[in-house]
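Trainee: These protein sequence lines are chains H and V, in that order. Going by the numbering used here, the first sequence opens with residue 12, and the numbers climb by one from there. Going by the numbering used here, the second sequence opens with residue 5, and the numbers climb by one from there. Got a structure for you, written out below as structure tokens; questions coming shortly.
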Amino acid sequence: GAGVSQSPSNKVTEKGKDVELRCDPISGHTALYWYRQSLGQGLEFLIYFQGNSAPDKSGLPSDRFSAERTGGSVSTLTIQRTQQEDSAVYLCASSLQSGLPYFGPGTRLLVL
Amino acid sequence: EDQVTQSPEALRLQEGESSSLNCSYTVSGLRGLFWYRQDPGKGPEFLFTLYSAGEEKEKERLKATLTKKESFLHITAPKPEDSATYLCAVQAGGTSYGKLTFGQGTILTVHP
Chain H
12 GAGVSQSPSN KVTEKGKDVE LRCDPISGHT ALYWYRQSLG QGLEFLIYFQ GNSAPDKSGL
72 PSDRFSAERT GGSVSTLTIQ RTQQEDSAVY LCASSLQSGL PYFGPGTRLL VL
Chain V
5 EDQVTQSPEA LRLQEGESSS LNCSYTVSGL RGLFWYRQDP GKGPEFLFTL YSAGEEKEKE
65 RLKATLTKKE SFLHITAPKP EDSATYLCAV QAGGTSYGKL TFGQGTILTV HP
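In structure tokens, the structure reads:
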């Protein structure tokens, strides 16, 4: 595809449920990132994958958050036992090894 | 800890009224400073990367400059279509390339 794609575009869930958010990076991009944008807040780094290296998970806010990247391409961000404070826009970006990050449109998550 | 502060939080301009947005930063060894534009409901769109003090880049009505402590995004004769949130982010040396620290953004509204 031409750009980073994310699904679903919008997700409404109930408190305590698990959710999975998907990211398809730009073809050929070896690096993939997840960020979170809460209402009125700046983008907050969550996790970074680069090739076969161990991911940088230093931004994950709690052990309820996890992410994986299969086959060096598609990534899934999983939030377990969702809380209302998890409501935010989750943005994925990809880049060449040390290049400019290109962002997807985001998944808007609302936890009721 | 790396920090980015953008001002003003919101800026309202008349079409053709030039102005500047500010991004102040503290970072351990600047690897790069990024400007992004974000339209409502969309992911950030790349505008510029600046790497060293004194560097300037231009694109249409936008010009970005960088000093050792801050960056400015100058908007010359803005049009209503320039209305968006403008985000500034820094990439620190010694961290993974994917870890950007963002400011909270400046919401720009240009009235016809």
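Where a beta carbon is used, it is the ideal one built from N, C-alpha and C, also for glycine.
Say whether the segment 106-113 of chain V touches the segment 76-90 of chain V, bearing in mind that this needs 3 or more beta-carbon pairs closer than 8 Å, one atom from each stretch.
Mentor: At 8 Å Cβ cutoff, the stretches touch.
Trainee: In chain order, what residues of the same chain have a beta carbon less than 8 Å from the beta carbon of V/F106, not counting five sequence neighbours either side?
Mentor: Same-chain partners within the cutoff: V8, L91, C92 and A93.
Trainee: Beta-carbon separation of V/E60 and V/K67 under 8 Å?
Mentor: Result yes, Cβ atoms of V/E60 and V/K67 sit closer than 8 Å.
Trainee: Pull out every residue of the segment 42-58 of chain V whose Cβ sits closer than 7 Å to any Cβ of chain H, in chain order.
Mentor: Listed by position, the residues of the segment 42-58 of chain V near chain H (Cβ gap below 7 Å) are K46, G47, P48, F50 and T53.
Trainee: In terms of alpha-carbon separation, which member of H/L57, H/F56, H/Q48 and H/E55 lies closest to V/K46?
Mentor: Nearest C-alpha to V/K46: H/Q48.
Trainee: Between H/G82, H/L50 and H/A78, which lies nearest to H/V100 when the distance is taken from Cα to Cα?
Mentor: When only C-alpha atoms are compared, the closest one is H/L50.
Trainee: Helix, strand or coil, according to DSSP, for H/D74 in the structure here?
Mentor: The answer is coil: DSSP assigns H/D74 none of H, G, I, E or B.
Trainee: Name the residue from H/K22, H/K28, H/G27 and H/I37 whose alpha carbon lies nearest to the alpha carbon of H/G110.
Mentor: Ranking the options by Cα distance to H/G110, first place goes to H/I37.
Trainee: Helix or strand or just coil, what does DSSP make of H/Q95?
Mentor: If DSSP states are grouped into helix, strand and coil, H/Q95 belongs with the helices.
Trainee: Are the C-beta of H/G117 and some C-beta of chain V separated by less than 8 Å?
Mentor: Judged by the 8 Å Cβ criterion, H/G117 is in contact with chain V.
Trainee: Contact defined as beta carbons within less than 8 Å: I believe H/A13 pairs with V/G102. What is the distance between those atoms, to the nearest angstrom?
Mentor: About 21 Å; that fails the 8 Å criterion.
Trainee: Measure from the C-beta of H/G67 to each C-beta in chain V and report whether the shortest distance is under 8 Å.
Mentor: Strictly speaking, residue 67 of chain H in this sequence is Asp, with Gly absent from that position. So yes, H/D67 belongs to the interface.
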